[in-house]
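Numbers given in the numbering used here equal positions in the first sequence, counted from 1, plus 1.
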Amino acid sequence: MRFQAPRGTEDVLPDRAHVWQWIEREFRALTHAYGYREIRTPVFEDTELFIRSAGETSDVVSKEMYEFKDKGDRSLTLKPESTAPAMRALVEHNLCPQGTVTRLCYVSSAHYRYDRPQKGRLREHHQCGIELVGSPSPAADAEVIEVAVRFLQRLGLMDVTVRLNSIGRDECRQRYREVLLEHAKPYLDQAAEDVREKAQKNPLRLLDSKDPAAQELMATAPSILDYLEDDSLARFTELQALLSAAEIPYVVAPEIVRGLDYYTETVFEVLSSNLGAQSAMCGGGRYDNLIKELGGSALPSVGFGMGVERLILVLESIGALPAAPRPKVFIAYHGEELRAEAFAIVRQLRAEGIAVVTDVDARSLKSQLRQADKSVAEFVAVLGEDEIASGTVSLKHMDSGDQRSVLRNELAGALG
RNA sequence: GCGGUUGUAGCUCAGGGGUUAGAGCGCCUGACUGUGGCUCAGGAGGUCACGGGUUCAAGACCCGUCAGCCGCCCCA
Numbered sequence: 002m003r004f005q006a007p008r009g010t011e012d013v014l015p016d017r018a019h020v021w022q023w024i025e026r027e028f029r030a031l032t033h034a035y036g037y038r039e040i041r042t043p044v045f046e047d048t049e050l051f052i053r054s055a056g057e058t059s060d061v062v063s064k065e066m067y068e069f070k071d072k073g074d075r076s077l078t079l080k081p082e083s084t085a086p087a088m089r090a091l092v093e094h095n096l097c098p099q100g101t102v103t104r105l106c107y108v109s110s111a112h113y114r115y116d117r118p119q120k121g122r123l124r125e126h127h128q129c130g131i132e133l134v135g136s137p138s139p140a141a142d143a144e145v146i147e148v149a150v151r152f153l154q155r156l157g158l159m160d161v162t163v164r165l166n167s168i169g170r171d172e173c174r175q176r177y178r179e180v181l182l183e184h185a186k187p188y189l190d191q192a193a194e195d196v197r198e199k200a201q202k203n204p205l206r207l208l209d210s211k212d213p214a215a216q217e218l219m220a221t222a223p224s225i226l227d228y229l230e231d232d233s234l235a236r237f238t239e240l241q242a243l244l245s246a247a248e249i250p251y252v253v254a255p256e257i258v259r260g261l262d263y264y265t266e267t268v269f270e271v272l273s274s275n276l277g278a279q280s281a282m283c284g285g286g287r288y289d290n291l292i293k294e295l296g297g298s299a300l301p302s303v304g305f306g307m308g309v310e311r312l313i314l315v316l317e318s319i320g321a322l323p324a325a326p327r328p329k330v331f332i333a334y335h336g337e338e339l340r341a342e343a344f345a346i347v348r349q350l351r352a353e354g355i356a357v358v359t360d361v362d363a364r365s366l367k368s369q370l371r372q373a374d375k376s377v378a379e380f381v382a383v384l385g386e387d388e389i390a391s392g393t394v395s396l397k398h399m400d401s402g403d404q405r406s407v408l409r410n411e412l413a414g415a416l417g
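Here it is as structure tokens:
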């Protein structure tokens with residue numbers, strides 16, 4: 002019986018693992034510089050947590066949850082997103098006392114959504130993200146967006162542009178929905194059943210529809226920005242000023258809407274043309290009501306999530322993946338009789354923290370050189386009868402081919 | 001969840017009813033029995049995704065399942 006990885010999941014193989022390590026290392030370093038502290042939450046949560054936060058009618062909750070009952074008859078769900086779990090933990094452990102601001106991040110956290118897989122869309126995927134809790138200031142939004150952009154730039158994506166919008170507060174959205182439905186009435190009257198249903202559930206969805214007829218209609222639709230409350234508009238304006246001052250490239254995109262119900266005011270995303278239909282690399286926004294909804298105090302907050310698999314696809318498409326780390330030296334030896342002697346050298350070098358590979362099978366010297374070549378080790382040290390006699394090794398630099406004789410007790414230094 | 005498309009060696013693919021299924025790359029061994037990459041020679045490696053059916057005969061045709069990909073829905 003042969004098995005394959007479950008549908009929509011991917012193995013990270015050794016040739017790629019260093020890329021993940023690099024992304025995680027860079028993300029930790031950057032978020033640390035901004036004062037974010039890592040949080041790790043369980044892979045599953047009470048199902049109700051996601052229903053309350055993302056919203057009963059959201060696609061994530063209504064059709065994409067990995068929900069199951071445990072042996073104690075509890076309804077649990079593999080987390081489809083990380084904001085709600087992080088905020089659950091924040092409330093549970095009182096991580097953000099009234100009047101303070103708390104910065105949290107998560108690194109390659111696993112997420113599960115039961116959807117039809119395609120390139121860039123998996124049933125298990127990973128996100129790096131941050132949450133800035135406790136501030137209503139547009140400076141908080143600006144900081145979060147800045148972290149996302151600086152991170153992508155740091156990885157080598159030099160032309161990233163943030164797409165930015167404000168969807169206001171509930172009252173504003175309520176009014177705008179009606180205006181939008183009215184505008185779309187002629188279109189909806191002759192639209193397909195599922196389109197009408199979708200419009201009924203969430204009229205804002207019409208805005209980013211890919212249907213040409215809908216797009217044409219939306220081009221002449223009133224903008225939500227004209228319906229924002231005065232204070233929302235003022236905050237949105239100030240956010241743009243802050244982004245400009247920080248030299249964050251952005252465009253206002255009134256059509257963007259997010260799929261989770263908890264978003265308020267600022268929403269944003271970063272797209273890439275290298276991802277096909279699943280073009281969003283990063284998405285986020287403000288959620289001023291969520292924490293209260295989860296039983297905490299009214300803490301206005303903002304955050305983003307970034308898809309690691311999608312990020313890697315983009316980096317790969319522009320040739321920006323880092324080279325694999327190289328072993329420092331391959332210890333080759335001539336014949337099985339010299340293996341113990343070779344291993345003694347190997348042990349000594351490793352004890353000094355040097356990355357060393359060697360052959361366990363005592364194969365021919367030619368074979369060992371080939372192994373060394375494949376391992377991309379920087380050096381090969383050859384140990385044979387002659388070297389034993391003189392207390393040396395023959396040290397070969399693999400890139401140049403230069404070879405010289407080095408005393409055994411000077412080997413570690415010669416590798417430097 | 002809907003529509004389409006593909007599945008043959010580790011990888012990229014050829015073979016589209018007729019003996020023991022092929023190529024390139026990769027892998028292993030060898031070409032002065034102490035030296036990688038280049039070249040040459042040899043070798044290993046396949047339940048032709050899986051299960052059923054049609055046929056004298058199926059890798060090929062039909063049905064189902066599983067999986068990948070493309071689009072939609074949605075999203076990271």
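For every residue, glycine included, the Cβ atom is placed at its ideal position computed from N, Cα and C.
What you are looking at is a predicted structure, and each value in this text was computed from that prediction instead of being measured.
Exercise. Do you know whose CA, among I257, P223, D190 and C173, lies nearest K211's CA?
Worked result: Numbered from 1 along the first sequence, position 210 holds the residue referred to as residue 211. Comparing Cα-Cα distances from K211 to each of I257, P223, D190 and C173, the minimum goes to I257.
Problem set entry | Closest by C-alpha distance to D227, when choosing among R178, L243 and E248 | To locate residue 227, count along the first sequence from 1; it is residue 226. The option with the nearest alpha carbon to D227 is R178.
Exercise. Nearest to V61 by CA position, among T78, P323, P137 and V145, is which residue?
Worked result: In the first sequence, counting from the first residue as 1, residue 61 sits at position 60. Each of T78, P323, P137 and V145 was checked against the Cα of V61, and the nearest Cα belongs to T78.
Exercise. Where does K211 sit, in a helix, a strand or coil, going by DSSP?
Worked result: The residue you call residue 211 lines up with position 210 of the first sequence. If DSSP states are grouped into helix, strand and coil, K211 belongs with coil.
Exercise. Start and end of the beta strand (DSSP E) containing T103?
Worked result: Residue mapping note: residue 103 aligns to position 102 of the first sequence, counting from 1. T103 to Y113 is the span of the beta strand (DSSP E), which, as asked, contains T103.
For this session: Output yes or no for whether 8 angstroms exceeds the beta carbon distance between T84 and G304.
Result: Counting from one through the first sequence, the residue named residue 84 turns up at place 83. Counting from one through the first sequence, the residue named residue 304 turns up at place 303. The answer is yes: Cβ separation under 8 angstroms.
Problem set entry | Spatial neighbours of F28 in its chain, beta-carbon cut-off 7 angstroms, leaving aside the 5 residues before and after | Residue mapping note: residue 28 aligns to position 27 of the first sequence, counting from 1. Answer for F28: V108, C129 and F152, listed in chain order.
Exercise. Which residues in the same chain have their Cβ closer than 8 angstroms to the Cβ of T48, if we skip the five residues on either side of it in sequence?
Worked result: Here residue 48 refers to the residue found at position 47 when the first sequence is read from its first residue. Within the same chain, T48 has close Cβ partners M66, E68, S76, L77 and T78.
Exercise. Taking one C-beta from the stretch 265-278 and one from the stretch 306-315 each time, how about it: are there three or more such pairs within less than 8 angstroms?
Worked result: yes
Problem set entry | Proximity winner among E194, R89, V150 and P223, relative to E294 (alpha-carbon distances) | In the first sequence, the residue the question calls residue 294 occupies position 293. The candidate whose alpha carbon is nearest that of E294 is R89.
Exercise. Relative to the alpha-carbon of A373, which residue among R348, G354 and D400 has its alpha-carbon at the smallest distance?
Worked result: Along the first sequence, one-based indexing puts residue 373 at 372. Answer by Cα proximity: D400.
Exercise. Within this structure, are the beta carbons of N207 and A242 separated by less than 8 angstroms?
Worked result: For this step, residue 207 is matched to residue 206 along the first sequence. For this step, residue 242 is matched to residue 241 along the first sequence. Residue identity differs from the one stated: residue 207 is Leu in this sequence, not Asn. Taking 8 angstroms as the Cβ cut-off, L207 and A242 do not qualify as a contacting pair.
Exercise. How many angstroms separate the CA atom of M282 from the CA atom of C173?
Worked result: On the first sequence, residue 282 is found 281 positions in, with the first residue counted as 1. On the first sequence, residue 173 is found 172 positions in, with the first residue counted as 1. Distance between the alpha carbons of M282 and C173: 28 angstroms.
Problem set entry | Residue environment, H126, which counts as buried when at least 16 other CB atoms sit within 10 Å | Position 125 of the first sequence, counted from the first residue, corresponds to residue 126. The residue in question, H126, is buried, as its Cβ has 16 or more Cβ neighbours within 10 Å.
Problem set entry | Coarse secondary structure for T359, derived from DSSP in three states | As a first step, residue 359 must be located in the first sequence, where it is residue number 358. Correct three-state label for T359: strand.
Problem set entry | Alpha carbon of Y263 to alpha carbon of D195, nearest angstrom | Taking the first sequence and counting its residues from 1, the one referred to as residue 263 is at position 262. Taking the first sequence and counting its residues from 1, the one referred to as residue 195 is at position 194. Spanning the two alpha carbons is a distance of roughly 24 angstroms.
Exercise. With P326 and H19 assumed to form a contact (beta carbons below 8 angstroms), what rounded beta-carbon distance in angstroms separates them?
Worked result: The count along the first sequence starts at 1 and reaches residue 326 at position 325. The count along the first sequence starts at 1 and reaches residue 19 at position 18. With a Cβ gap of about 6 angstroms, P326 and H19 count as contacting.
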